Amino acid sequence: MKRINLSDGEWNIMNVLWEEAPKTITQLTDALKESTGWSKHTIITMLRRMESKGAVKYVQGVRAKQYYPAMERAEAALEETESFLDKVYSGSLGLMLNTMVEKNSLSKEEIDELYAILKKAEEEEK
1313 MKRINLSDGE WNIMNVLWEE APKTITQLTD ALKESTGWSK HTIITMLRRM ESKGAVKYVQ
1373 GVRAKQYYPA MERAEAALEE TESFLDKVYS GSLGLMLNTM VEKNSLSKEE IDELYAILKK
1433 AEEEEK
């Protein structure tokens, strides 16, 4: 399966579509105008690029194209996480966590949450 890498701007569009789809170009422009300042033409360009990547799809509506996400949020998050780990930590989750621990970047709540996640994963392995 082809890995889809989203730019920061593309994440903005995907987040709007994951919240509520379908959306037209006009609806996307309205939803993103305040936070990004993007014009309709910018949205159109980004949607074309995202469509060629396989991140979005559309159906022709009565008056305008209706855009949908072509991938689940969890799938995109996993791909982004794997890409980050590969780029920054040579794919090593342990190295990333060790760095966070050494820099005291984890709160007690986060550590407890990690323990719970690891315990669940261990139980599922059995």
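Just so we're aligned, residue 1313 is where the sequence shown starts under the numbering used here, counting upward by one. Here a beta-carbon is modelled for each residue, glycine too, at the ideal position from N, C-alpha and C. Note that the structure is predicted; figures quoted are calculated from it, not measured.
Only residues of its own chain outside the window of five on either side were considered, and among them LEU1407, MET1408 have a CB closer than 6 Å to the CB of TYR1401, listed in chain order. Beyond the five residues adjoining it in sequence on each side, ALA1382 comes within less than 7 Å, by CB distance, of GLY1366, ALA1367, VAL1368, LYS1369 in the same chain, given in chain order.
DSSP, read as helix, strand or coil, puts LYS1314 in coil. In this model, SER1319 and LYS1420 are separated by some 32 Å (Cα to Cα). Judged by their CB atoms, THR1336 and ILE1355 are not nearer to each other than the 7 Å cut-off. When only Cα atoms are considered, TRP1350 and MET1358 end up about 10 Å apart. For VAL1413, the enclosing alpha helix (DSSP H) stretches over residues 1405-1414.
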